[in-house]
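Input: a single structure, listed below in structure tokens.
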């Protein structure tokens, strides 16, 4: 019943995912959510840790595309300092934005992974698109008002998933 919310992997933070881990899984590119995955939702400037992670991906030849439900202005402002491509108004949990992301790169769904902090949008969207997924813990413990309702439902879904899928564990990498 809740299998549409089950991530492929669960990692403590996006910054723990390395190019070596991705390449070992045949992953050529990263699609990632923006708010509370790459940056704190209330701090669009990002951290030094983010800059180092993006540089590591770039040096390894792994493109990163932001796939966000936010409007173009919000996403463009957040990714501009990093020179990232993006898909805005992705309409996650529908698959449209995720498919648009890997098609922008000329890749197939098998070549990418979707990383996000929400099972009801990022993970469900990845599953609908047939893309592997990585659930990460939110960067900060607060959310915008738009996300708070989802978090209530997510707690129940995660409780069920963890009970019925003992292999689902938070890890330091994939």
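In my numbering, the protein residues as written are 353 to 526.
All residues carry an ideal CB built from backbone N, CA and C; glycine is no exception.
A quick note: this is a predicted structure, and the numbers were derived from the prediction, not measured.
Inset, instruction - Using three-state DSSP, classify residue 441 as helix, strand or coil. - result: As a first step, residue 441 must be located in the chain shown, where it is residue number 89. Note: residue 441 maps to coil in three-state DSSP.
Inset, instruction - Between the Cα of residue 330 and those of 428, 510, 371, spot the shortest distance and give me the residue it belongs to. - result: Nothing about residue 330 can be reported from this structure: the residues present for the chain run from 353 to 526 only.
Inset, instruction - Measure the C-alpha to C-alpha separation of residue 491 and residue 523 and round it to an integer number of angstroms. - result: As a first step, residue 491 is located in the chain shown; it is residue number 139 there, counting from the start. As a first step, residue 523 is located in the chain shown; it is residue number 171 there, counting from the start. Taking the straight line joining both Cα atoms gives about 15 Å.
Legend entry - Of the listed residues 454, 440, 469, nearest to residue 349 (C-alpha basis): Here the chain has residues from 353 to 526 only, and residue 349 is not among them.
Inset, instruction - May I have the straight-line CA-CA distance separating residue 357 from residue 411, to the nearest angstrom? - result: Counting from 1 along the chain shown, the entry for residue 357 is found at position 5. Counting from 1 along the chain shown, the entry for residue 411 is found at position 59. Near 32 Å, if we compare the C-alpha coordinates of residue 411 and residue 357.
Inset, instruction - Please list the segments of the beta strand (DSSP E) lying wholly inside the stretch 449-494, counting only runs of 3 or more residues, in order along the chain. - result: 464-468, 484-488
Inset, instruction - State the Cα-Cα distance for the pair residue 446 and residue 481, rounded to the nearest angstrom. - result: Locating residue 446 in the chain shown gives position 94, where the first residue counts as 1. Locating residue 481 in the chain shown gives position 129, where the first residue counts as 1. One C-alpha to the other measures close to 8 Å.
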